[in-house]
Amino acid sequence: MTTPTITPAAPASTRALPVLNDCCTPSSAMSDDDASLLAGAFKALADPARVKILSMLLNADEVCACDFSASIGKTAATTSHHLKLLRDAGLITGDRRGTWVYYRVIPERLTAIRDALALGR
């Protein structure tokens, strides 16, 4: 009976790197800054209440801050916090009119998110 011989692997510096097929190579990589902005938008949308708020805003020209709390089932203070996070992420903007703030989406920001995730870029 013969004992199989084990050949040690070549050092990493001399091993050939695998060749990637064209179908596996990304056509373009996103910059670190763009990836950070996109991740911030996703982080802002990582809560069901904020998704509901954005949905309300996408279905109206603008919504008064007074209308969100009952619709999402949160207190006014919690709703205000969620609106602030969406504003800070650049997804919505608001205008104060008297006592109330009226919010609307920033369409360019949503378009940028959609474009960043588009297939075939």
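For the sequence shown, the residue numbers in our numbering are 16 to 136. By construction, the Cβ of each residue, glycine as well, lies at the ideal position given by its N, Cα and C atoms.
Which listed residue (the options) has its alpha carbon closest to that of residue i
i: Tyr118; options: Ala61, Lys58, Gly105 and Met45; result: Gly105
i: His96; options: Leu73, Ala64 and Leu125; result: Ala64
i: Gly88; options: Ala50, Lys67 and Thr108; result: Lys67
i: Cys79; options: Ser70, Asp110, Arg129 and Glu123; result: Asp110
i: Val116; options: Asp103, Asp82 and Ala59; result: Asp82
i: Ile107; options: Asp48, Asp47 and Ala75; result: Ala75
i: Val120; options: Arg112, Lys99 and Ala92; result: Lys99
i: Leu69; options: Leu52, Leu101, Gly113 and Asp48; result: Leu101
Distance cut-off 7 Å: residue i Cβ against heavy atoms of the ligand SAM
i: Leu125; result: As far as ligands go, the structure on display features none, and thus does not contain the ligand SAM.
Environment of residue i [buried if 16+ CB atoms lie within 10 Å]
i: Arg44; result: Correcting the residue type first, residue 44 is Ala in the shown sequence and not Arg. Result: exposed.
i: Leu142; result: Beyond the ends of the chain as shown, which are 16 and 136, falls residue 142; an answer cannot be given.
i: Ala31; result: Note on Ala31: pLDDT 49, under 50, position unreliable in the model; the coordinate value appears next. By the 10 Å Cβ count, Ala31 comes out exposed.
i: Ala25; result: Caution is warranted here: a pLDDT of 48 is assigned to Ala25, below 50, making its placement in the model unreliable, and the coordinate value is therefore given only provisionally. Classification of Ala25: exposed, given that the 10 Å Cβ count is below 16.
i: Thr126; result: exposed
i: Thr94; result: buried
i: Leu192; result: The shown model of the chain, from 16 to 136, leaves out residue 192, and the question about it has no answer.
i: Ala56; result: buried
i: Ala59; result: buried
Residue i - partner residues in DSSP beta bridges
i: Cys79; result: Tyr117
i: Thr108; result: Arg119
Residue range of the alpha helix (DSSP H) that includes residue i
i: Leu53; result: Asp47 to Ala59
i: Lys99; result: Ala91 to Asp103
i: Ala133; result: First-last for Ala133: undefined, no H or E at that position.
i: Ala64; result: Pro63 to Leu73
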